[in-house]
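K.L.:
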Amino acid sequence: MQLEFFWLIIILSLSFIEMITVNLVTVWFVASGLVSLILSFFNVPFLVQFGVFVILGFILLVTTRKMLTEKLNLHKQKTNLDRVEGMEGIVTDKISKYDPGEVKVDGKRWTAVEVNGKTVEKGKSVRIIKIEGVKLIVEEV
């Protein structure tokens, strides 16, 4: 009966940590802790329970964390600047393969490079593909 309490404390502690951090790390060990708790009801030796806890936790972490993180989009923090992605702007300073130019979009001027390294002349329209640091990655419309 002591092992059941041990696993219950582990499960509750890891659940609390996951609720606080929301990093999708300890949640996999909560799941493996539940499996170990079930094994303890069948009097499986503690070393086997612990092995299942560690190995299953790491397997779940490695195989499913990336997929779930991408699906939940946890690491991307949206900013007001993200709204310019997909917008169109006007080239105010020529963009060439080896020399970044300038684009005016949403009333602001940005340093910009063309996604394929093409030259885009002043006055042409471009679509913002993404933002990398303080530069816009654009393509001619």
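Taken in order, the sequence shown gives residues 0 to 140; the numbers are from numbering that gives the first Met the number 0. For every residue, glycine included, the Cβ atom is placed at its ideal position computed from N, Cα and C. Model, not experiment: these values are computed from the prediction.
(1) When you compare each of E120, V112, V90 to G106 by their alpha carbons, which one comes out closest?
(2) What span of residues does the beta strand (DSSP E) with I136 cover, start to end?
(3) What are the start and end residues of the beta strand (DSSP E) that includes R64?
(4) Between L7 and the rest of its own chain, which residues show a CB-CB distance below 8 angstroms, the 5 nearest in sequence each way excluded?
(5) Who are the near neighbours of F40 in its chain, counting only those whose CB is closer than 8 angstroms to its CB and skipping five residues on each side?
(6) Find out if the Cβ-Cβ distance for the pair V119, I136 is shorter than 9 angstroms.
P.N.:
Taking the structure as given:
(1) Nearest option by C-alpha distance: V90.
(2) For I136, the enclosing beta strand (DSSP E) stretches over residues 134-139.
(3) Going by DSSP, R64 is part of no beta strand (DSSP E) but of the alpha helix (DSSP H) stretching over 45-71.
(4) Closer than 8 angstroms at Cβ, skipping near neighbours: L36.
(5) Cβ-Cβ distances below 8 angstroms link F40 to E3 in the same chain, with the five nearest sequence neighbours on each side left out; the list follows chain order.
(6) No. Outside cutoff.
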